[in-house]
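Single-structure report; data block below.
Number of protein chains: 2
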Amino acid sequence: MSILTRPILEINLKNILDNYNLLKTIAAHSIPAAVVKDDSYGLGASIIAPMLYEKANCRNFFVAHAIEGERIVESIPQAKIFVLQGFGEDSKELFEKHKQLIPVISSPEMFAYWKEARPDTRKPVIHIETGLNRLGFREKDLAKLSESDLQEFQMVMSHLACGDEKEHFMNTHQLENFDALKNLYFPDLPASLSASDGVFLGENFQWNMVRLGAAMYGINTAPYRKNQMKNVVKIKAPVLEIADLPKGEFVGYSATYRASSDRKIAIISIGYGDGIPRSLSNVGKVYFQVRGKLQEGRVIGRMSMDNMICDVTTVDGLEVGDMALITDDFYTLDDMGRDAGTISYEIMSRVGKNTRYIRKYIEE
Amino acid sequence: MSILTRPILEINLKNILDNYNLLKTIAAHSIPAAVVKDDSYGLGASIIAPMLYEKANCRNFFVAHAIEGERIVESIPQAKIFVLQGFGEDSKELFEKHKQLIPVISSPEMFAYWKEARPDTRKPVIHIETGLNRLGFREKDLAKLSESDLQEFQMVMSHLACGDEKEHFMNTHQLENFDALKNLYFPDLPASLSASDGVFLGENFQWNMVRLGAAMYGINTAPYRKNQMKNVVKIKAPVLEIADLPKGEFVGYSATYRASSDRKIAIISIGYGDGIPRSLSNVGKVYFQVRGKLQEGRVIGRMSMDNMICDVTTVDGLEVGDMALITDDFYTLDDMGRDAGTISYEIMSRVGKNTRYIRKYIEE
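Here is the structure:
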């Protein structure tokens, strides 16, 4: 019997690379860019960006904030790093320092500030709004740009609202808007419309550059069919204790679970402090590979910061020190997101930032 | 008009210190210990632990994992650091290296491993189960301990399930269990039953050591009355863009919001990638201090990783570059937790681990 205390986070770099390469072949006529914002969705941009640079010859990267670009700029020296949140007083110095950073300009105000404070003649990207109603120049803003303003940019981009729903009317609506605005204002510029989800909508959505993020990290961005991507994240956590739970006893904070019969419980050394959603309280599933069988337990009671409590009454042969499988190839972050009432993106973004995991990068 | 892009996280160290000192006076006959697990709920244990050590003479700290203890051990050289998740093969080396780390032993299996592998004669804490049905020796486990086993420990502890509900039957139930088990097995040992919530239940819940965590960080652990603690966390994020939203248009991913009249929207540079719960989509509130008035906006559509979209139709005088108040003294993480369908603990634990914030520690 082994006694372990820490959870384990496995990040499969090989599968990220394979996913990236598969996405490249699906968008074979576009330039691939890797989205490594939010520290590569928490998985570690300082490891993933240089891997894609070296092993897949990736030369275009997207981050949200300039500070995220600064953290990887030296490891990808010949690459462009596009900064989605753009250029501001709080990032001006970073743009001065690093010529590789390319701001994405999304409003007339930001563009005015760019023209006043820009460090040199590098050309930004312009983000135009086509239906998401998030960041981007609206048509009336575009109409106010002068002829020389329109020459200031190196690429035009937009972003899909419903790219993960193949038949959603919004997709063609945005595509038509993008096509019209691009032809009217930026007929000669390269264009980028789609992130991972848009890549699967077909070649007319792929334009000149595709922004590969979620799918590269294994998320199913085309949930209307089986995931073509390889799973990237596995989480395990040790069983710290196994105990009898007599009928009538309560479990966890606020006593939200009461045993209706005698049960067996396991205390697992992982909780919301490790990024696992607390909304899995009383609904989540946990798996155990013991006695040669994959067996299922159930989260009971409220999840705590450091632990969760599982009903393991039907799990045969479980011992203290065995590892609970929290996510795996057969129960992915997408599955967990569905059970937790959120999306895998949010869980991934949280999990990876926690420093209590024994973190393992799988390279082969 | 200023143009900013990054969100700001303000952590008020002075208020943490004041909260700690107030909690000390409420539990005046107990030894105070500071709970700094999960990187001080994400707020930065490497700053908060030494502050409490130096300015409040705190000499007892609780972490979840030994690795968390290692990160602060040199900054609090004369303190004891109790490790709640205990002693295992994956933490043995850290316990050998740092004599200040004191394991909390919570199962017979862990105790057996401790006796086999312990680095020296330091005495651990024993965690006993009194009603939470999480970690801890059950009574039948205690009954099996030999006379000499019972001498192996320096303190006995347990943990309340419902300490934040003053009249919950579980409180007296656990108090009676704790009292009985302690008197039977550990009559001469100091005892610790309560975290912040139990401190407010009265002196009979305070025993010899109280574990001050959530309340110290400003969370209301006695929600049946007005919070006596000072607020610790303020989050601000810049307005990146303001736009008209014509009647009938959709907002955000999956087009979950549709404008039933002409609206004005603001795009705020913060999202779930910064630890803000995605469950605030279409329900969250955001505040703006403009034109000398505190004005309220509403999150509409799905929150994204880097941005959220707010209805600011009724906000008078808002400009690009103004800061949205995401949490503040008047809308705390407790309030946000309620709106997001979770608890402040979970949000705090996420927010602080994000490195995109401009992080400010307020000392005065």
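The listed protein sequences derive, respectively, from chains A and B.
Start counting at 1 in the first sequence, then tack on 6, and there's your number in the working numbering.
Start counting at 1 in the second sequence, then tack on 6, and there's your number in the working numbering.
Glycine included, C-beta positions come from ideal geometry on N, C-alpha and C.
| Check | Outcome |
| --- | --- |
| Among A:Lys86, A:Asp317 and A:Tyr337, nearest to A:Val131 - alpha-carbon criterion | A:Lys86 |
| Exposed unless 16 or more other CB atoms sit within 10 angstroms - verdict on A:Gln180 | buried |
| Range of the contiguous beta strand (DSSP E) that encloses A:Gln212 | Segment: none, A:Gln212 is in no beta strand (DSSP E) and carries neither H nor E. |
| Exposure of B:Arg264, with buried meaning 16 or more beta-carbon neighbours within 10 Å | exposed |
| Option in B:Lys299, B:Ile53, B:Val41 and B:Met116 with minimal Cα separation from A:Pro244 | B:Met116 |
| Chain B contact for A:Ser200 (CB, 8 Å cutoff) | no |
| Contacts that B:Leu251 makes with chain A (C-beta to C-beta distance below 7 Å) | Asn139 |
| Cα-Cα separation between B:Arg344 and B:Ser355, rounded to whole angstroms | 16 Å |
| Partner residues on chain B for A:Leu181, Cβ-Cβ distance less than 8 Å | Within chain B, no residue comes near A:Leu181; the closest Cβ sits about 15 Å away, beyond 8 Å. |
| Check whether B:Met311 and B:Gly277 have beta carbons under 8 Å apart | yes |
| Residue from B:Tyr259, B:Ser260, B:Lys240 and B:Asp268 whose Cα sits closest to the Cα of B:Pro252 | B:Asp268 |
| Three CB pairs or more closer than 8 Å across the segment 127–146 of chain B and the segment 159–172 of chain B | yes |
| Near-chain A residues of the segment 41–71 of chain B - C-beta to any C-beta below 9 Å | Lys43, Asp44, Asp45, Tyr47, Gly48, Ala70 and His71 |
| N- and C-terminal bounds of the alpha helix (DSSP H) containing B:His133 | That residue, B:His133, is in no alpha helix (DSSP H); its beta strand (DSSP E) goes Val131 to His133. |
| Residue-level contact to chain B via CB, A:Thr227, 8 Å cutoff | no |
| Assigned exposure category for A:Met57 - 16 Cβ within 10 Å defines buried | buried |
| Own chain residues within Cβ distance below 7 Å of A:Lys43, not counting five before or after | Phe68, Val69, Ala70, Glu74 and Leu90 |
| Extent of the continuous beta strand (DSSP E) run through B:Gly303 | Lys299 to Val305 |
| Integer-rounded CB distance, given that A:Ile54 should sit under 8 Å from A:Ile32 | At roughly 20 Å, the Cβ-Cβ gap does not stay under 8 Å, so A:Ile32 and A:Ile54 are not in contact. |
| Three-way DSSP call (helix, strand, coil) for A:Pro114 in this model | helix |
| Contact under 8 Å by Cβ, A:Thr227 with A:Phe206 | yes |
| Enclosing alpha helix (DSSP H) for A:Asn25 [first to last residue] | Leu19 to Ile32 |
| Helix, strand or coil at A:Pro381 [DSSP, three-state] | One cannot answer for residue 381 of chain A here, as it falls past the ends of chain A, which runs 7 to 370. |
| Given B:Glu247 as reference, the closest of A:Ser113, A:Lys270 and A:Asp334 once Cα atoms are compared | A:Ser113 |
| Chain D residues whose Cβ lies nearer than 8 Å to that of A:Ser355 | No chain D is present in this structure, whose protein chains are A and B. |
| Supposed close pair B:Ser97, B:Ala118 - CB separation, criterion 8 Å | Their Cβ separation, rounded to whole angstroms, is 16 Å, which puts B:Ser97 and B:Ala118 out of contact at 8 Å. |
| Neighbourhood of A:Asp203 by C-beta distance below 8 Å, restricted to the same chain and skipping five residues each side | Leu166, Gly169, Asp170, Ala220, Ala221, Thr227 and Ala228 |
| Distance between B:Val238 and A:Asp34 (C-alpha atoms, nearest Å) | Before going further, note that residue 34 of chain A is Ala rather than Asp in the sequence given. One C-alpha to the other measures close to 51 Å. |
| A:Pro109 versus B:Thr262: straight-line alpha-carbon distance, rounded | 29 Å |
| Alpha-carbon spacing of A:Phe88 relative to A:Asn66, whole angstroms | 8 Å |
| Alpha-carbon to alpha-carbon, A:Asp185 and A:Met176 | 14 Å |
| Reference A:Ser285; option with closest CA among A:Leu199, A:Asp126 and A:Glu352 | A:Glu352 |
| Residue(s) in a DSSP beta bridge with A:Val318 | Per DSSP, none; premise fails for A:Val318. |
| Proximal residues to A:Asn313 (C-beta, below 8 Å), its chain only, five neighbours per side dropped | Leu246, Ile273, Ile274, Ser275, Ile276 and Gly277 |
| Contacts of A:Thr348 in chain B (Cβ-Cβ under 8 Å) | Arg284 and Ser285 |
| For B:Ile282 and B:Met309, believed in contact at Cβ under 8 Å, the rounded distance | 7 Å |
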